[in-house]
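Student: Protein chains in written order, with UniProt numbering: chain C, 1 to 262; chain P, 1 to 260; chain W, 1 to 663.
Cβ coordinates follow ideal geometry from the N, Cα and C atoms, glycine included.
If you're wondering where the values come from, they're calculated on a predicted model, not measured in any experiment.
One structure, pasted below without further comment.
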Amino acid sequence: MTTAPDTTSYDAHFKVWRGDVDGGGLEDFTVEVNEGEVVLDIIHRLQATQAPDLAVRWNCKAGKCGSCSAEINGRPRLLCMTRMSVFDRDETLTVTPLRAFPVVRDLVTDVGFNYEKARQVPAFVPPQDLGPGEYRMQQEDVGRSQEFRKCIECFLCQDTCHVVRDHEENKTAFAGPRFLMRVAELDMHPLDAAEETGLDRKSTAQEEHGLGYCNITKCCTEVCPEHIKITDNALIPLKERAADRKYDPLVWLGNKIRRRTS
Amino acid sequence: MRAGTRAAIAAPHLRTDRWWLAPAATALGLLAFVVYSTWRAFANADYYHAPYVSPFYSPCLADNCTTMKGGPNWGLFGEWWGLSPALLILIFPLGFRLTCYYYRKAYYRGFWASPPACAVAEPHKKYTGETRFPLILQNVHRYFFYAALLVAAILTWDTALGFRNEEYEWGHMGLGTLVFLGNILLIWAYTLSCHSCRHIIGGRLRHFSKHPVRYRMWGWVGKLNERHMLLAWASLLSVALADFYVYLLATGTITDPRLF
Amino acid sequence: MAHVERQQWDVVIVGAGGAGLRAAIEAREQGLRTAVICKSLFGKAHTVMAEGGIAASMGNVNEGDNWQVHFRDTMRGGKFLNQWRMAELHAREAPDRVWELETWGALFDRTPDGRISQRNFGGHEYPRLAHVGDRTGLELIRTLQQKVVSLQQEDFQESGDYEARIKVFQECTVTQVLKEDDRVSGVFCYERESGRFFVLESPAVVLATGGIGKSFKVTSNSWEYTGDGHALALLAGASLINMEFVQFHPTGMVWPPSVKGILVTESVRGDGGVLRNSEGKRFMFDYVPDVFKEKYAESEQEADGWYEDPDSNRRPPELLPRDEVARAINAEVKAGRGSPHGGVFLDVSTRMPAETIKRRLPSMHHQFRELADVDITAEPMEVGPTCHYVMGGVDVDSDTAAARGVPGLFAAGEVAGGMHGSNRLGGNSLSDLLVFGRRAGLHAAEYARGHADERPRVGDAQIDAAAAEALRPFGVGSAPEEERAREPEAAENPYTVHQDLQRSMNELVGIIRREEEMSEALERLAELRERARRAKVEGHRQFNPGWHLALDLRNMLLVSECVARAALNRTESRGGHTRDDHPEMDREWRRANLVCTLAATAPEPPGAGSEAAAEAGTETGAGRAGRIALRRREMPPIRKDLLELFEKEELIKYLTDEELTSE
Chain C
1 MTTAPDTTSY DAHFKVWRGD VDGGGLEDFT VEVNEGEVVL DIIHRLQATQ
51 APDLAVRWNC KAGKCGSCSA EINGRPRLLC MTRMSVFDRD ETLTVTPLRA
101 FPVVRDLVTD VGFNYEKARQ VPAFVPPQDL GPGEYRMQQE DVGRSQEFRK
151 CIECFLCQDT CHVVRDHEEN KTAFAGPRFL MRVAELDMHP LDAAEETGLD
201 RKSTAQEEHG LGYCNITKCC TEVCPEHIKI TDNALIPLKE RAADRKYDPL
251 VWLGNKIRRR TS
Chain P
1 MRAGTRAAIA APHLRTDRWW LAPAATALGL LAFVVYSTWR AFANADYYHA
51 PYVSPFYSPC LADNCTTMKG GPNWGLFGEW WGLSPALLIL IFPLGFRLTC
101 YYYRKAYYRG FWASPPACAV AEPHKKYTGE TRFPLILQNV HRYFFYAALL
151 VAAILTWDTA LGFRNEEYEW GHMGLGTLVF LGNILLIWAY TLSCHSCRHI
201 IGGRLRHFSK HPVRYRMWGW VGKLNERHML LAWASLLSVA LADFYVYLLA
251 TGTITDPRLF
Chain W
1 MAHVERQQWD VVIVGAGGAG LRAAIEAREQ GLRTAVICKS LFGKAHTVMA
51 EGGIAASMGN VNEGDNWQVH FRDTMRGGKF LNQWRMAELH AREAPDRVWE
101 LETWGALFDR TPDGRISQRN FGGHEYPRLA HVGDRTGLEL IRTLQQKVVS
151 LQQEDFQESG DYEARIKVFQ ECTVTQVLKE DDRVSGVFCY ERESGRFFVL
201 ESPAVVLATG GIGKSFKVTS NSWEYTGDGH ALALLAGASL INMEFVQFHP
251 TGMVWPPSVK GILVTESVRG DGGVLRNSEG KRFMFDYVPD VFKEKYAESE
301 QEADGWYEDP DSNRRPPELL PRDEVARAIN AEVKAGRGSP HGGVFLDVST
351 RMPAETIKRR LPSMHHQFRE LADVDITAEP MEVGPTCHYV MGGVDVDSDT
401 AAARGVPGLF AAGEVAGGMH GSNRLGGNSL SDLLVFGRRA GLHAAEYARG
451 HADERPRVGD AQIDAAAAEA LRPFGVGSAP EEERAREPEA AENPYTVHQD
501 LQRSMNELVG IIRREEEMSE ALERLAELRE RARRAKVEGH RQFNPGWHLA
551 LDLRNMLLVS ECVARAALNR TESRGGHTRD DHPEMDREWR RANLVCTLAA
601 TAPEPPGAGS EAAAEAGTET GAGRAGRIAL RRREMPPIRK DLLELFEKEE
651 LIKYLTDEEL TSE
């Protein structure tokens, strides 16, 4: 094995937020960086050499599990998918925990908000008349929901969304992009039988999951490491579907009449 | 909802890039258009020079319009309307663009700073988004889309009229015809790339496989829709340009170079 | 000792990957209160990394497929060392397990007639892998996760508590399976976030912790794969089988260092990628073993013809079985013909137009562009072997997934041994998780129900001992006085010990194994065990990664020793075990399982500061005495009707004459 020449390795300046619920601050580090490394490697080097108890959450290190979400120079990113080579060598990198969630320690935050929201979205309702093995779906009919199922649940979209990032009080009413996308995924599922059970995902998106809070400023789409077009393909179509139900005067009139006659 | 404290970071953001550039540019661009279009809409002058009618004044719905031969003189509002006729018609494209999903993003970010940029704290204490009046009205976008279709159809007719010369004889072209052609293409592309259009064409369907034609159209609209922002700006620019071209002709600043 | 919280559950599942979640769903559907414990966040388990698909003989693409064919393929892949009953159950039940996922909301890629699409894969006779692009593992984990959530929603409807009957304890680690009177009584755990200890009392515990890859330097596995379940089972008195069989995938990324080991999918070669050394030579032609000579091309021209016309050309040698390719790459690098970063070149850029590459290999294109700054449409990739999967695991009953010898303990998924024999086929892992995850959940629930009236109590002494062991790296109440006096504390950094362990295993018990090297590995492991005992960490218990690693070292060391000892003992080459000094497959060895148990020592109560106890010798005793005892066990003969699925000529290669005539 040939060793990489010396020029490929350099010392970088890092500011890493360290602390917990009781407070904390940015701590300075100077740390070696080698060619081809990502920010998570540098954090690991800090752990192994300078700060063994530096807390960071990670898992697959290949951008597939969505564990190592944090903020680098103020932008929500996956630590394992942010290459050091995109920064200038003399640039100081600031690494901070996700801002929208309570901090646990150092770069680790309590992402429980997302799991609570996940529970509030009613699950897929299997069609009554089809047994296992009898499902027939066309590729073009599953394509839209499949895009949303690429989601690795890194919660970067939940973190960057100003609705909850800047307004803690909205957390009760607003499910966040990830889970509104989940509603869209189920509403577009070709065999979901929610409607037969009296569940209208289109109106609940607005009434129960806070779709109206979204002002489509697209930060969720910008940060998505899976490049899912959350706003264009999930949130806006969902808004349109809700509009079908609620803001279409013809539909509204029809409902009025039907209600009166029934 | 949950007890717990966020990491104690006082700075409203830690971004080191020029995050303010995009919202600032957007705001400036929109502002420039607002200023220009307000001036032109209230001017009530210099909007017709045969065979071209400014898109700001088409169709002309009041009696106080310049007579445009074969053009869109539909005096629906009669004589009582004394203001600029542009105000009557501009409501529709304005409403379409104001409720457009792209422009909403642009002005929420650019003017309201809600948020100014991703991961940059917004300056507002409270935020309710589009959950209540007046912003809940953004949901009527699709009706403006229908209106925009009509307007686009009329502008298409106007463009066709551009294939005449100053004597209203058919079969001619000038530089203005090209300006109008470019404009109407962009207007159509922008209008059809609209998210509501995408929804109506096919997005609302549950089973694409049962509607192959609509599925295919949905695909096309989707392709256009990916460039909705670009088309929004391009068509905004082109419509102003078309109007300005007519203004220059009408004021006699330039003469329309005739191609044939 | 401080108060340790206790909770009572009916079934406890350790691990929330495919097997763990499937087990949890089953136990909950049986009506039992089920707890799941996982080291990561819920939904992040290593299962998400699986790309290819789930093998199940649904016959959607080729109607000729059925469970018998799948069984046959699995046995061949495992070189007939598989627990045949597991292979049979797996092949029979896999389709039901896949269909069931659809009723929970999974969206697989479709065939033109609307059924689940199935793709070809190495070793499978027919297109068999249900898949979603190249992210099947993610779809699997998300579907199971969402099914768990939907069960919680049902419970919420009934009781107002989402977690009434199924609860996920995320970011928690189990350090001991607790026992009372030889029966499982619960697990001792700590919460990674706070460092808080707690005990889940339960008559039934299902291990579903995955594999052991983190004991090797170059691996496709994540940090969670520290062999926890393997070690917990050993410490609880269960045994491990087939630990010598470790699958090395021939093509992992070798550069940049940060992604070394990450998988480069087999489809790259299947679609036309070729392997070259630093001299630009397609070296695989030099490595076709005699037994395969007839099936593989001899010239580049012939090999290239195969992609278009497989009937009149033989396969390119790049598509030899994984072990052959891995060995060849190893040899080229050792001969000094490797790539700059210690691998060889895998090239598609000169083989296909850029557009074709982007269309057929989107994730590889993306992976290399994002992680290595390499455009695979313009330049070759650098690849080398990477530790991928362990075939060995807990010795379980084939039907019930119950660990032999420890009532109340169950194991499913990669942590269970036997199913895959000496080598696993691609796609058989995800189906394994589902089939045996469900079985483990079912039988754990039955067992727990059967013992509902006599729930074992967990004694305080046990808990105190477990807590003491877990706190040892902080130097709190750790080694006895005299021991501390004996070694005046050269405190060890757990990270350094871990790196040394990984290097030793990679270099000495890697793809190609030799007796001397493995003996040396056992020596080194003994030293590492000493050093691990002195591992000290700074800071406090709250989310302290150094502490977590120090605790995981125990497991990795135990498991590594199993691998090394079993590998040293098996004097043949078969599947995932290649001996340089015994290169042939030996039919006599076919029937033998090597069984690892904790070496017999002074009785060691589970939870006692364990290292202190065992230093006894073992029968295979090369090198220094270790903690693992090894014995050879005969496998039960394959059932007659299953044997009849094969041609006699084929069986001759694997079974001894005696086995063949005894029928």
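(1) Using C-beta distances below 7 Å, list every residue in its chain close to Gly-24/C, excluding the 5 sequence neighbours before and after it, in chain order.
(2) Quick one: give me the first and last residue of the alpha helix (DSSP H) that Arg-237/C is part of.
(3) Nearest to Val-218/W by CA position, among Val-435/W, Gly-384/W, Lys-640/W, is which residue?
(4) Since His-577/W sits in a beta bridge, which residues does DSSP pair it with?
(5) Between the C-alpha atoms of Gln-8/W and Ala-411/W, what's the straight-line distance to the nearest angstrom?
(6) Could you give the residue range of the beta strand (DSSP E) that holds Ile-13/W?
(7) Pro-545/W CB to nearest chain C CB: under 8 Å?
(8) Since Val-172/W contacts Arg-142/W with CB under 8 Å, what's their CB separation in whole angstroms?
(9) Could I get the ranges of all uninterrupted beta strand (DSSP E) runs contained in the segment 10-72 of chain C, with 3 residues as the minimum, in chain order?
(10) Tell me Ile-241/W's beta-bridge partners as DSSP assigns them.
(11) Using the three-state DSSP reduction, which class does Gly-52/W fall into: helix, strand or coil?
(12) Could you list which residues in chain P have their beta carbon closer than 9 Å to that of Trp-252/C, in chain order?
(13) Please tell me whether Asp-395/W and Leu-558/W are closer than 8 Å, where the distance is taken between their beta carbons.
(14) Counting only Cβ pairs nearer than 7 Å, list the residues of chain C close to Thr-103/W.
(15) Which term fits Tyr-168/P, buried or exposed, when burial requires 16 or more other beta carbons within 10 angstroms of its beta carbon?
(16) Any idea if His-3/W is buried or exposed, counting beta-carbon neighbours within 10 angstroms, 16 or more meaning buried?
(17) Run through the DSSP bridge pairs and tell me what Arg-631/W is partnered with.
(18) Are at least three pairs of beta-carbons, each pair with one atom in the segment 105-116 of chain W and one in the segment 250-259 of chain P, less than 8 Å apart?
(19) Does Tyr-107/P get closer than 8 Å to chain C when you measure Cβ to Cβ?
(20) Report the residue ranges of all alpha helix (DSSP H) runs contained in full by the segment 211-272 of chain W; include only those spanning at least 4 residues, in chain order.
(21) CB Leu-199/C to CB Ala-242/C, shorter than 8 Å?
(22) Just how far apart, CA to CA, sit Asp-397/W and Leu-232/W?
(23) If we ignore side chains and look at the alpha-carbon of each, how far apart do Val-509/W and Ala-532/W end up?
(24) With a threshold of 8 Å between beta-carbons, can Val-140/P be considered close to chain C, or not?
(25) Any idea if Leu-594/W is buried or exposed, counting beta-carbon neighbours within 10 angstroms, 16 or more meaning buried?
(26) Going by CA-CA distance only, name the one from Arg-72/W, His-420/W, Arg-631/W that's closest to Glu-647/W.
(27) Would you kindly report the start and end of the unbroken beta strand (DSSP E) that includes Glu-5/W?
(28) Mark Gly-252/W as exposed unless 16 or more other C-beta atoms lie within 10 angstroms of its C-beta, in which case mark it buried.
(29) Quick check: the Cα distance between Pro-257/P and Phe-144/P, rounded to an integer number of angstroms?
(30) Output needed for Glu-492/W: all residues of its chain with C-beta closer than 6 Å, excluding positions within five of it in sequence on either side, in chain order.
(31) What in chain C is Cβ-close to Arg-115/W, meaning under 7 Å?
(32) At which residues does the alpha helix (DSSP H) containing Pro-362/W begin and terminate?
(33) What distance in whole Å lies between the Cβ atoms of Gly-171/P and Phe-180/P, which are believed to be in contact at a cut-off of 8 Å?
(34) Quick one: which chain W residues come within Cβ less than 9 Å of Asp-53/C?
(35) Along the beta strand (DSSP E) that carries Lys-653/W, what are the first and last residues, could you check?
(36) In terms of residue numbering, what span does the beta strand (DSSP E) encompassing Lys-167/W cover?
Tutor: For this structure:
(1) Position 24 of the first sequence holds residue 24/C. So the list reads Trp-17, Arg-18, once near-sequence residues are dropped.
(2) As a working note, residue 237/C is residue 237 in the first sequence. At residue 237/C the sequence reads Pro, which differs from the Arg that was named. Note, Pro-237/C: alpha helix (DSSP H), 236-246.
(3) In the third sequence, counting from the first residue as 1, residue 218/W sits at position 218. Closest by alpha carbon: Gly-384/W.
(4) As a first step, residue 577/W is located in the third sequence; it is residue number 577 there, counting from the start. Arg-574/W, per the DSSP bridge assignment.
(5) The sequence position of residue 8/W within the third sequence is 8, counting from 1. The sequence position of residue 411/W within the third sequence is 411, counting from 1. Taking the straight line joining both Cα atoms gives about 20 Å.
(6) As a working note, residue 13/W is residue 13 in the third sequence. Residue range 11-14 is occupied by the beta strand (DSSP E) that includes Ile-13/W.
(7) Sequence index remark: in the third sequence, residue 545/W carries index 545 (1-based). With respect to chain C, the C-beta atom of Pro-545/W has a partner C-beta closer than 8 Å.
(8) The sequence position of residue 172/W within the third sequence is 172, counting from 1. The sequence position of residue 142/W within the third sequence is 142, counting from 1. It should be noted that the sequence gives Cys, not Val, for residue 172/W. Rounded, the Cβ-Cβ distance is 21 Å, inconsistent with contact.
(9) Correct list: 10-20, 23-33, 69-72.
(10) Taking the third sequence and counting its residues from 1, the one referred to as residue 241/W is at position 241. Beta-bridge analysis with DSSP links Ile-241/W to Gly-393/W, Val-595/W.
(11) Here residue 52/W is taken as the residue at index 52 of the third sequence, counted from 1. Gly-52/W falls in the coil class under three-state DSSP.
(12) Taking the first sequence and counting its residues from 1, one reaches residue 252/C at position 252. Using a Cβ-Cβ cut-off of 9 Å, Trp-252/C is close to nothing in chain P; its nearest Cβ partner there is about 12 Å away.
(13) Looking up residue 395/W in the third sequence gives position 395. Looking up residue 558/W in the third sequence gives position 558. No.
(14) Counting from 1 along the third sequence, the entry for residue 103/W is found at position 103. Those are Pro-126, Pro-132, listed as they occur along chain C.
(15) Working through the second sequence from its first residue, we reach residue 168/P at position 168. Classification for Tyr-168/P: exposed.
(16) By 1-based counting over the third sequence, the position of residue 3/W is 3. Exposure of His-3/W is indicated by the presence of fewer than 16 other C-beta atoms within 10 angstroms of its C-beta.
(17) Taking the first residue of the third sequence as 1, we reach residue 631/W at position 631. Answer is Val-595/W.
(18) Here the segment 105-116 of chain W makes no contact with the segment 250-259 of chain P; the two share fewer than three CB pairs at distances below 8 Å.
(19) By one-based count along the second sequence, residue 107/P stands at place 107. Using a CB distance cut-off of 8 Å, Tyr-107/P does not count as an interface residue toward chain C.
(20) Taking only runs of at least 4 residues, the alpha helix (DSSP H) segments lying wholly in the segment 211-272 of chain W are 228-235, 267-270.
(21) Position 199 of the first sequence, counted from the start, is the residue given in the question as residue 199/C. Position 242 of the first sequence, counted from the start, is the residue given in the question as residue 242/C. The answer is no: Cβ separation not under 8 Å.
(22) On the third sequence, position 397 is the one that residue 397/W refers to. On the third sequence, position 232 is the one that residue 232/W refers to. Each residue's Cα considered, the two are about 18 Å apart.
(23) Here residue 509/W is taken as the residue at index 509 of the third sequence, counted from 1. Here residue 532/W is taken as the residue at index 532 of the third sequence, counted from 1. The C-alpha of Ala-532/W is placed about 20 Å away from the C-alpha of Val-509/W.
(24) For the purposes of this step, residue 140/P is taken as residue 140 along the second sequence, with counting starting at 1. So yes, Val-140/P belongs to the interface.
(25) The residue given as residue 594/W occupies position 594 in the third sequence. By the 10 Å Cβ count, Leu-594/W comes out buried.
(26) Position 647 of the third sequence, counted from the start, is the residue given in the question as residue 647/W. When the alpha-carbon of Glu-647/W is set against those of Arg-72/W, His-420/W, Arg-631/W, the nearest one is in Arg-72/W.
(27) Here residue 5/W corresponds to residue number 5 of the third sequence, with the count starting at 1. For Glu-5/W, the enclosing beta strand (DSSP E) stretches over residues 5-8.
(28) To locate residue 252/W, count along the third sequence from 1; it is residue 252. Here Gly-252/W is buried. Its C-beta has 16 or more other C-beta atoms within 10 Å.
(29) Locating residue 257/P in the second sequence gives position 257, where the first residue counts as 1. Locating residue 144/P in the second sequence gives position 144, where the first residue counts as 1. Between Pro-257/P and Phe-144/P, the C-alpha separation is close to 36 Å.
(30) Numbered from its first residue, the third sequence carries residue 492/W at position 492. Contacts found: Arg-531, Arg-534, Ala-535.
(31) Sequence index remark: in the third sequence, residue 115/W carries index 115 (1-based). The CB of Arg-115/W comes closer than 7 Å to the CB of Arg-136 in chain C, given here in chain order.
(32) Within the third sequence, residue 362/W is the residue found at index 362, counting from 1. For Pro-362/W, the uninterrupted alpha helix (DSSP H) segment begins and ends at 362-372.
(33) If you number the second sequence from 1, residue 180/P lands on position 180. If you number the second sequence from 1, residue 171/P lands on position 171. With 8 Å as the limit, Phe-180/P and Gly-171/P do not qualify as a contact, their Cβ atoms being about 16 Å apart.
(34) The residue given as residue 53/C occupies position 53 in the first sequence. In chain order, Val-537, Glu-538, Gly-539, His-540, Gln-542, Phe-543, Asn-544, Pro-545, Gly-546, Trp-547 make up the part of chain W whose C-beta sits under 9 Å from the C-beta of Asp-53/C.
(35) Mapped onto the third sequence, residue 653/W falls at position 653. Not the beta strand (DSSP E): Lys-653/W falls in the alpha helix (DSSP H), residues 648-654.
(36) Translated into the one-based positions of the third sequence, residue 167/W becomes position 167. Per DSSP, Lys-167/W belongs to the beta strand (DSSP E) from 166-170.
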